[in-house]
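Residue numbers (numbering that gives the first Met the number 0): 0 to 160. Using N, Cα and C, we set each Cβ at its ideal position, and we do this for glycine too. None of the values given here were measured: they were computed from a predicted structure.
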Amino acid sequence: MLSEIKKVNIKNILLLSAANVLFFSIILFIYTDQNNIDRDYKNLRQLILETNNQAITKKIVLELKFNNNKAIVVNRNTNNIFRQIRIPTFCKINYKTTEGPGKIIFTEHGTDPYNIFLHGGDILLKTWFGEERSLWIHCTGFPNEGKMTDFTKRKGADLEI
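Structure below.
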């Protein structure tokens, strides 16, 4: 009978240990997921600020585009990659330009000369658990947290979108 009790206790201890490992793994995964979107948001915002600053101060045209979770900034005059970063939580870009959708073009006058929408557009980041964070890039080239809600077309932007 004593060996039977030991078997039951060992079985219960193993089950309890497995449940604890599973519970703490889920908590760690949720924390990591949240940390990833916060990191990506911060890095993307910094990239946009830096790109806008370089376009203004150096009077060059820079294009920000996305390719398989990479944000790539290209100098449009030389076609050289200015900078690129990985954004694993990238979900979609809601930005329309006269050069086509899905890119943002920075000039010394902000993004306005190429925008279809008067107030720019936004970039959506999304975690595995579905939490979303958006960056709204205004026509000035400066980012704010949130989604663009005003889809008024710029005067003269009669292109199909």
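Fill in: Closest Cα partner of Pro87 within the set Leu21, Ala70 and Thr77
Closest in C-alpha terms to Pro87, from the list Leu21, Ala70 and Thr77, comes Ala70.
Worksheet entry | Simplified DSSP state of Glu159, which is helix, strand or coil | Its pLDDT being 48, under 50, Glu159 is placed unreliably in this model, and the value from its coordinates should be taken loosely. Three-state DSSP puts Glu159 in coil, outside helix and strand.
Worksheet entry | Beta-carbon proximity list for Arg164, same chain, < 6 Å, skipping 5 on both sides | Coverage of the chain is limited to positions 0 through 160, which leaves residue 164 absent and any answer about it impossible.
Discussion item. Assuming contact is defined by CB atoms lying nearer than 8 Å, are Thr126 and Gln45 in contact in what I supplied?
Written reply: no
Practice prompt. With DSSP collapsed to three states, give me the class of Lys58.
Written response: When DSSP states are grouped into helix, strand and coil, Lys58 belongs to the coil group.
Worksheet item: Fully enclosed by the region 101-154, which beta strand (DSSP E) runs are 3 residues long or longer?
Response: 102-105, 120-125, 131-136 and 142-144
Worksheet item: Quick one, are the C-beta atoms of Ala54 and Thr106 less than 8 Å apart?
Response: Inclusion of Ala54 and Thr106 in the CB contact set at 8 Å is warranted, their separation being smaller than that value.
Worksheet item: Helix, strand or coil: which one does DSSP assign to Asn66?
Response: strand
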